[in-house]
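Per full-length UniProt numbering, residue 1 is the first one in the sequence shown, and the count goes up by one each step.
For each residue, glycine too, the CB sits at the ideal point set by N, CA and C.
Quantities reported herein were computed from a predicted structural model and do not represent experimental measurements.
Structure record follows, encoded as structure tokens.
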Amino acid sequence: MYVLTKATGITEELYRRTYAFCMRLLTLPAPYCTVALDCAIRLKTEKAVPGTLYQRLVIAEQNLRSELYPYQERVFLFVDPELISPSVCSALLLEIEAAQVQQTPEACMRHVVSHALQAALGEACHTGALQRKLQASPRRALERYFQAVVTAVEQMASEPSPSREGHLKRLEEIYRSLLGPAVASRGRCSGDSLPERPPSIPLPSPHITFHLWTDEEQLWKELVFFLKPQSQLRLSADLEALNLQGLLPDQELARVSMLSTDSGIERDLPSGADERPASSSPEMEHARLQRKGGIKKRVWPADILMPSSWDGPPGLHRRTGRPSGDGELLPGVSRLHTARVLVLGDDRMLGRLARAYHSLRKRETQTFCLTPRLSLQLYYIPVLTPEKPTSFRRLDLGELAAFLGRADPWYESTINTLYPAIHKLAEMPPSLDTSRAVDPFILDVITYYVRMGTQPIYFQIYTVKIFSDLNQAPAEDIFLTELKVKIQDSKFPKDSSSPRKRGVAEGPGAELSICYQKALLSHRTREVTVSLRATGLVLKTLPASNTEDHMCLNVSVTEVVKSSNLAGRSFSMVTNTFQTAHIQVQSQEQRLLTLLLDKDHRRTFRDVVRFEVASCPEPCSGAQKSKALWLSSQQQELERTKAKPKPLLMPINTFSGIVQ
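Below you can see the structure in the form of structure tokens.
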């Protein structure tokens, strides 16, 4: 599909064979049938109206204004400056800036016009003269030709049965108006000159913005600025004071505080205020039906489903292949913007992305300004630090990348093999020849990934409640890949509420009380409570292999086993593993715990007495909250039993999803 989108002059035989191949793949299970259906729809559109896919892709990615195709896309590239070296950031920024210089709006409009005319007219198109004419045309004339071509292509593509002859006739008229009847009638072969080779029309890379992730709210801010330009936003000291007028379909329903100057005394009314309109007038009829003085509530659509959430049957098996964030959530409000968020880094960067994603989804349940108009797609390219280029380093900080590679072989061969090349390109000395063009190797792979990576794999986000004092409210955080627990050497203070348990022998580790709920395929609740001495725990959300890929916690407990012999007491370490969906751990001795979330030392919690881990639920929408107020107690009980909290799943796009 990538080649068919860019190329012109595709033969009918190639279209037919490719379409027949896609139709045969529809009989196979997912993800083959899902990818095949998407390709078959695109092929059918491109065959009926040549040049449609190229035109739509360039218009959306370059944000070219068109009333008939108003969709816009943008790629947000986020890197953590504390995890990615400055040389890698400079290499990425150099390639992006070099591409943006060549991809001006005028150049992109010339590419669209040339590609559409060449794809439709074929051999009859004098490509060299067309390129020269467009290059010499002023901006106003170029925009006129661009809008004419877009109108012709989109109107024909929107018809139920598009006529290729009619489409060819309309583009021939535009072609003649561009070159004139005399030049257009000669075609490419004129006089005794040899037939020229049609110049290749480049496919511009998408509009990419480079961001150093330094602010926790930076992702949400950039998405808001994408929906509405920064020049039209007034950002106050408080983040909640963003002026989002025009983004909310029900902005007029917002609650407004007003100072009343009405004393309530009839004689204080201004003159003419007591004159009431006639009973038959439209103003009187409107006044009768209008509610006055009440608090206006925000109207939420019933049974709204947040994008990227999973509304299928519950289970332990990992979700995949479902398109994330498509369709209309509000009637009459189209989702014209697509934000493709690409993060570079290791598992620590993904943990930061999960926190930002959770914060964004939680904020949307309160403001609901991005969700109706924005489709959010997440992408990930692993970039590991080169200090320890061993398999241990790869598995330590690249577990999620390794899982994506096992699930999608094309992701493994295309994306997971990229990070060594990124470091090699970053270490190369800069060229002194300024006239030499920058080789956009990394940018080409990024462009291919964000365009063809359409099948997401979902990952469960987990929430952890951390108790430093059992008499106080816990702190809460989330993690995506791993939670590591270590036993501290420090003791509890003397006035601690958890005294040391008597009769416990001194030794390595600490006595822990573990209560967990077993993860069963039957979804039955089975709780297990054990007390043991351990030196630490590791909670992982990803399996070590594809033999049992279940969305649950894989817990490894390093247990201390005491044994007595003639030489005295000795201690040995035994690793116990089990799977759970919910776990509670509490220290029974005067030893505190240290928690490390997502392998990021910046997210370390010390002096922990107790912690609880469970799957993070989907933030409940305002529709569910307001809906419960109008139900009777019996209906509310029925709704609670029927509507269980859905887990919050974060999608990461791959090429094919999980290949069974």
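I want to know whether the stretch 45–60 touches the stretch 5–13 - three or more CB-CB distances under 8 Å.
Yes, since at least three Cβ pairs between the stretch 45–60 and the stretch 5–13 fall closer than 8 Å, the two stretches touch.
Tell me where the alpha helix (DSSP H) around A402 begins and ends.
Counting from one through the sequence shown, the residue named residue 402 turns up at place 402. Residues E399 to A407.
Can you look up H167 in the DSSP assignment and give me helix, strand or coil?
On the sequence shown, position 167 is the one that residue 167 refers to. If DSSP states are grouped into helix, strand and coil, H167 belongs with the helices.
With a 10 Å radius around its C-beta and 16 neighbouring C-beta atoms as the bar for buried, classify E73 as buried or exposed.
Counting from one through the sequence shown, the residue named residue 73 turns up at place 73. So E73 ends up on the buried side.
Since E476 sits in a beta bridge, which residues does DSSP pair it with?
By one-based count along the sequence shown, residue 476 stands at place 476. According to DSSP, which records beta bridges pairwise, E476 is partnered with K465.
Contact check, V75 vs I422 under 8 Å by CB: the rounded distance?
As a first step, residue 75 is located in the sequence shown; it is residue number 75 there, counting from the start. As a first step, residue 422 is located in the sequence shown; it is residue number 422 there, counting from the start. Not a contact, Cβ separation roughly 17 Å.
Would a C-beta distance cut-off of 7 Å place R610 and Q588 closer than the cut-off?
Sequence index remark: in the sequence shown, residue 610 carries index 610 (1-based). Sequence index remark: in the sequence shown, residue 588 carries index 588 (1-based). Cβ atoms of R610 and Q588: not closer than 7 Å.
Given 8 Å as the limit, is there contact between the stretch 602–617 and the stretch 405–422, that is, 3 or more CB pairs closer than that?
The stretch 602–617, when compared against the stretch 405–422, does not touch it at the 8 Å Cβ threshold.
What does P617 pair with, by DSSP beta-bridge criteria?
As a first step, residue 617 must be located in the sequence shown, where it is residue number 617. In DSSP, P617 forms a bridge with P647.
Contact between the stretch 592–601 and the stretch 346–363 is defined here as three or more beta-carbon pairs at a separation below 8 Å; is this criterion met?
The stretch 592–601 vs the stretch 346–363: in contact.
Report the rounded CA-to-CA distance for P617 versus N554, giving the unit in angstroms.
As a first step, residue 617 is located in the sequence shown; it is residue number 617 there, counting from the start. As a first step, residue 554 is located in the sequence shown; it is residue number 554 there, counting from the start. Rounded to whole angstroms, P617 to N554 spans 19 Å at the Cα level.
Out of N63, V561 and E216, which one is the CA nearest neighbour of P105?
Here the question's residue 105 lines up with position 105 in the sequence shown. Cα-wise, what sits closest to P105 is N63.
Can you tell me which of the three DSSP states R524 falls into?
One-based indexing of the sequence shown puts residue 524 at position 524. Coil, per DSSP.
Compare the C-alpha of E217 against each of Y379, L43 and R363 and name the closest.
Here residue 217 refers to the residue found at position 217 when the sequence shown is read from its first residue. When only C-alpha atoms are compared, the closest one is R363.
Tell me which residues share the same chain as R524 and place their Cβ nearer than 7 Å to its Cβ, disregarding the 5 neighbours each side in the sequence.
One-based indexing of the sequence shown puts residue 524 at position 524. Answer for R524: no residue qualifies.
Can you tell me which of the three DSSP states E511 falls into?
Taking the first residue of the sequence shown as 1, we reach residue 511 at position 511. E511 falls in the strand class under three-state DSSP.
When we look at the beta-carbon of K562 and count the other beta-carbons within 10 Å, is it buried (16 or more) or exposed?
As a first step, residue 562 is located in the sequence shown; it is residue number 562 there, counting from the start. K562 comes out exposed.
Quick one: grab the DSSP three-state call for Y379.
Taking the first residue of the sequence shown as position 1, residue 379 is located at position 379. Looking at Y379 - three-state DSSP - the assignment turns out to be strand.
If I measure Cβ to Cβ from A519 and keep anything under 8 Å in the same chain, skipping five residues before and after, which residues do I get?
On the sequence shown, position 519 is the one that residue 519 refers to. Cβ within range, chain order: L316, H550, C552, L553, Q579, T580 and A581.
Tell me which residues share the same chain as V153 and place their Cβ nearer than 7 Å to its Cβ, disregarding the 5 neighbours each side in the sequence.
As a working note, residue 153 is residue 153 in the sequence shown. Excluding positions up to five away in sequence, the list reads V49, G51, T52, Q55 and A116.
Quick one: Cα of T481 to Cα of D469, how far?
Numbered from its first residue, the sequence shown carries residue 481 at position 481. Numbered from its first residue, the sequence shown carries residue 469 at position 469. Approximately 26 Å between the Cα atoms of the pair.
Which of the three DSSP states, helix, strand or coil, is assigned to Q590?
Residue 590 sits at position 590 when you count from the first residue of the sequence shown. Coil at Q590, not helix or strand.
Pull up the distance between the alpha-carbon of P645 and that of D396, whole angstroms please.
Mapped onto the sequence shown, residue 645 falls at position 645. Mapped onto the sequence shown, residue 396 falls at position 396. So the two alpha carbons sit approximately 32 Å from each other.
Can the beta-carbon of P619 be found closer than 7 Å to that of T365?
On the sequence shown, residue 619 is found 619 positions in, with the first residue counted as 1. On the sequence shown, residue 365 is found 365 positions in, with the first residue counted as 1. Result yes, Cβ atoms of P619 and T365 sit closer than 7 Å.
Can you tell me whether DSSP reads D607 as helix, strand or coil?
As a position in the sequence shown, residue 607 is number 607, starting the count at 1. D607: strand per DSSP, three-state reduction.
Between the alpha carbons of L593 and E82, how many angstroms are there, rounded?
Counting from 1 along the sequence shown, the entry for residue 593 is found at position 593. Counting from 1 along the sequence shown, the entry for residue 82 is found at position 82. Distance between the alpha carbons of L593 and E82 is about 26 Å.
Relative to the C-alpha of F467, which residue among E476, I461, Y449 and Q460 is closest?
On the sequence shown, residue 467 is found 467 positions in, with the first residue counted as 1. The shortest Cα separation from F467 among E476, I461, Y449 and Q460 belongs to E476.
Taking the alpha-carbon positions, what's the P162 to Q155 distance?
Counting from one through the sequence shown, the residue named residue 162 turns up at place 162. Counting from one through the sequence shown, the residue named residue 155 turns up at place 155. Each residue's Cα considered, the two are about 9 Å apart.
Tell whether a beta-carbon distance below 7 Å holds between Y380 and V341.
Taking the first residue of the sequence shown as position 1, residue 380 is located at position 380. Taking the first residue of the sequence shown as position 1, residue 341 is located at position 341. No, they are not a contact pair.
Consult DSSP for E559 and reduce its assignment to one of helix, strand or coil.
Counting from one through the sequence shown, the residue named residue 559 turns up at place 559. Correct three-state label for E559: strand.
Please specify which runs of the alpha helix (DSSP H), each continuous and at least 4 residues long, are wholly inside the stretch 81–124, giving them in chain order.
Whole alpha helix (DSSP H) segments, 4+ residues: 86–102 and 105–121.
So the candidates are Q118, D215, E67 and R355; which of them puts its Cα closest to the Cα of S200?
On the sequence shown, position 200 is the one that residue 200 refers to. Among Q118, D215, E67 and R355, the Cα nearest to that of S200 belongs to Q118.
Using the three-state DSSP reduction, which class does S572 fall into: helix, strand or coil?
In the sequence shown, the residue the question calls residue 572 occupies position 572. It is a strand residue.
Measure the C-alpha to C-alpha separation of R591 and R406 and round it to an integer number of angstroms.
Within the sequence shown, residue 591 is the residue found at index 591, counting from 1. Within the sequence shown, residue 406 is the residue found at index 406, counting from 1. R591 and R406: Cα-Cα distance of roughly 40 Å.
From L212 to S90, what distance separates their C-alpha atoms?
Here residue 212 is taken as the residue at index 212 of the sequence shown, counted from 1. Here residue 90 is taken as the residue at index 90 of the sequence shown, counted from 1. Going from the Cα of L212 to the Cα of S90 covers about 12 Å.
What is the residue span of the beta strand (DSSP E) that Q460 lies within?
As a first step, residue 460 must be located in the sequence shown, where it is residue number 460. Per DSSP, Q460 belongs to the beta strand (DSSP E) from Q455 to Q460.
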